[in-house]
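Chains as they are written, first to last, in my numbering: chain A, 34 to 260; chain B, 1025 to 1223.
The C-beta atom is built at its ideal place from N, Cα and C for all residues, glycine as well.
Below is one structure; the comments refer to it alone.
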Amino acid sequence: MNCTDCHEMISDYVDGMLDLGEQTKIERHLANCEPCRAVRDDLLQIVHFSGQLVMHAPPNPADLWQRIQTQIVAEQPRTATAQLKNWWQRLHSRDFNFSIPQVAAVAAALILVAVISLAVFKKSTDAPPIAGQGNGKEVPLGYNETSPEFQELEQRIRELKATVEQRKASWGSDLQSSFERSMVYVDQSLDESRQEYKNNPADEACRELLRNAYREKVRVLQGFANF
Amino acid sequence: MTLATQNLMMPAIIERAEEPSSDLDLVKAAAAGDHAAFEQLYYLHNRRVYSLCLRMLGNPNQAEDLTQEVFFQLFRKIGSFRGDSAFTTWLHRLTVNQVLMHFRKRGVRLEHTSEEGDFTNVTETPLGSTRRVSLVDRLALEKAISELPPGYRTVFLLHDVEGYEHEEISTLLKVSVGTSKSQLHKARMRLRELLRTQH
């Protein structure tokens, strides 16, 4: 055996993976070759110390845990959000030409789907109790709803509500009841979306949910403002 | 929050939990939705996962990101752990798979590591002294490992550091057993050169 042959087999020899014949050959060579013994000894040290390397800790385990939690929470509402988004996107592309009862029925049905989906999402994330439980009262803006987008939507809602209030006097009781019911549902959806966004301000899915809840309120108000 | 405070918090988190349970008990609880159990699993095993990621990637920021992804995947898949192997083995394999996926996304090819050539200089120059000095200390070894090409480093870490057999490595990396053995040998010889240069 020459040194080239020895080097090719030295790792397997160190790992004890040679058969008896090969092991004998290499040991005979090692007995007479100082350079190859040096290689063997160095590899033995490398293998020995490799098995004893200490574990490293992340620089900030607590922060890393927070990031993991955020990622887990962000993942969970995604299914419900995607379904809601699909509904809203499909509806947004259609032209409406419904009668009064149809407008109210469609709006109430859509909002009911949104409320149920949000309730499922809320249950799965153990979200804290939400204030302003859909009793028609306005919930003050959350701390992070200061973006121009939400401010514009709030402004639009105020304008539409003013128009609706002017027209309400000429409505029949059926239409008024339908309007009140629709506002209960749409405000509940908005309250819950707002709370989720407040709890997860960095979550784009929650922001999108809130945006869509605002837009839905705008659409419902627009519908009633035309009567 | 200072690092010292965080380190103090870590034991407190574990102390607040029930008497330390076996990994299997924690996994069952976490799979049933017990968030505290999952958190305890994190604090028990994050160092193991991070260490492996750091050594395979050679980059602390990437190692943190991959550690985060590993625990996220663990959360998703924890219900599928059946206990037929040790949890640490299962978590280890999950970690290795995540790192390999990361390599594949980045186009890092492990099985064809470019190298300046085999070690043809087999004629070793004997040390000046008849007394052999220790070639290796842990810090030097860590540094040398980080300087290995990704392919060599991966095989070396899996075999010599993490204890995988060549058959397991060949399955993980989708290479032959012969390639795994060859890459390991080249990794060790390269480490030897790097360590000798440091001395």
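Closer than 9 Å at the beta carbon, the chain B residues around residue i
{"i": "Leu-97(A)", "result": "Tyr-1066, Asn-1070, Tyr-1074, Glu-1088, Thr-1091, Gln-1092 and Phe-1095"}
Alpha-carbon spacing of residue i relative to residue j, whole angstroms
{"i": "Asp-52(A)", "j": "Met-42(A)", "result": "11 Å"}
{"i": "Gly-1187(B)", "j": "Gly-84(A)", "result": "8 Å"}
{"i": "Gly-1057(B)", "j": "Phe-183(A)", "result": "35 Å"}
{"i": "Phe-225(A)", "j": "Ala-107(A)", "result": "The sequence shown places Glu at residue 225(A), not Phe. So the two alpha carbons sit approximately 16 Å from each other."}
{"i": "Leu-223(A)", "j": "Leu-1065(B)", "result": "37 Å"}
{"i": "Gly-1082(B)", "j": "Arg-248(A)", "result": "48 Å"}
{"i": "Ile-190(A)", "j": "Gly-256(A)", "result": "12 Å"}
{"i": "Leu-1215(B)", "j": "Thr-1119(B)", "result": "24 Å"}
{"i": "Leu-1218(B)", "j": "Leu-1208(B)", "result": "15 Å"}
{"i": "Asn-232(A)", "j": "Pro-181(A)", "result": "20 Å"}
{"i": "Glu-1171(B)", "j": "Gln-1097(B)", "result": "29 Å"}
{"i": "Lys-1198(B)", "j": "Ser-1204(B)", "result": "10 Å"}
{"i": "Val-47(A)", "j": "Cys-36(A)", "result": "16 Å"}
{"i": "Thr-57(A)", "j": "Cys-66(A)", "result": "14 Å"}
{"i": "Val-217(A)", "j": "Glu-198(A)", "result": "16 Å"}
{"i": "Gln-99(A)", "j": "Ala-1168(B)", "result": "33 Å"}
{"i": "Leu-1076(B)", "j": "Asn-1070(B)", "result": "10 Å"}
{"i": "Leu-63(A)", "j": "Cys-69(A)", "result": "6 Å"}
Neighbour list for residue i in chain A, Cβ cutoff strictly below 7 Å
{"i": "Lys-1173(B)", "result": "The residue you asked about is not Lys; residue 1173(B) is Pro in the sequence shown. Those within 7 Å of Pro-1173(B) in chain A number zero; the least Cβ separation is about 16 Å."}
{"i": "His-1209(B)", "result": "Ser-44"}
{"i": "Leu-1115(B)", "result": "Neighbours of Leu-1115(B) on chain A: none; closest Cβ ~13 Å, over 7 Å."}
Where residue i meets chain A, residues with beta-carbon distance less than 8 Å
{"i": "Arg-1162(B)", "result": "Phe-82, Gln-85, Leu-86 and Val-87"}
{"i": "Leu-1165(B)", "result": "Ile-79, Phe-82, Ser-83 and Leu-86"}
{"i": "Asp-1184(B)", "result": "Ile-79, Val-80, Ser-83 and Gly-84"}
{"i": "Arg-1128(B)", "result": "Chain A residues near Arg-1128(B): none, gap ~21 Å exceeds 8 Å."}
{"i": "Lys-1205(B)", "result": "Ser-44 and Asp-45"}
{"i": "Arg-1216(B)", "result": "Val-72, Asp-75, Leu-76 and Ile-79"}
{"i": "Phe-1099(B)", "result": "Ile-101 and Ile-105"}
Proximal chain B residues relative to residue i, where beta-carbon distance stays under 7 Å
{"i": "Asp-236(A)", "result": "What Asp-236(A) touches in chain B: nothing, since even the nearest Cβ is about 15 Å away."}
{"i": "Ala-90(A)", "result": "Arg-1071 and Tyr-1074"}
Residues that residue i contacts on chain B, provided the C-beta gap is smaller than 8 Å
{"i": "Arg-73(A)", "result": "By Cβ distance, chain B contributes nothing, its closest Cβ being about 11 Å from Arg-73(A), past 8 Å."}
{"i": "Arg-100(A)", "result": "Gln-1092"}
{"i": "Gln-104(A)", "result": "Gln-1092 and Phe-1096"}
Residue i beta carbon near the ligand SAM (any heavy atom closer than 7 Å)
{"i": "Val-106(A)", "result": "Although the ligand SAM was asked about, the structure shown includes no ligands whatsoever."}
Partners in chain A for residue i, counting only beta-carbon separations shorter than 9 Å
{"i": "Arg-1177(B)", "result": "In chain order: nothing, as chain A lies at least about 12 Å away."}
* Asked: On the three-pair Cβ rule with 8 Å, is the region 196–211 of chain A touching the region 63–81 of chain A?
  -> Counting Cβ pairs under 8 Å, fewer than three are found: no touch.
* With 9 Å as the C-beta to C-beta threshold (strictly closer), list the residues of the region 1048–1064 of chain B near chain A in chain order. => His-1059, Phe-1062 and Glu-1063
* **Near-chain B residues of the region 51–71 of chain A (beta-carbon distance less than 8 Å), N- to C-terminal order** => Glu-67, Pro-68, Cys-69 and Ala-71
* Going along the chain, which unbroken runs of the alpha helix (DSSP H) with 4 or more residues stay wholly within the region 1094–1139 of chain B? -> Secondary structure remark: continuous alpha helix (DSSP H) runs of at least 4 residues inside the region 1094–1139 of chain B, in chain order: 1111–1129.
* Asked: Going along the chain, which unbroken runs of the alpha helix (DSSP H) with 4 or more residues stay wholly within the region 1178–1203 of chain B?
  -> 1190–1197
* Asked: Can we say the region 1086–1094 of chain B touches the region 1172–1181 of chain B, given the rule of at least three CB pairs closer than 8 Å?
  -> no
* Asked: Contact between the region 1162–1169 of chain B and the region 1187–1200 of chain B: three or more CB pairs below 8 Å?
  -> no
* To do: Just list the alpha helix (DSSP H) runs in the region 73–109 of chain A, keeping only unbroken ones of 4 residues or longer that don't cross its boundaries, in chain order.
  => 94–108
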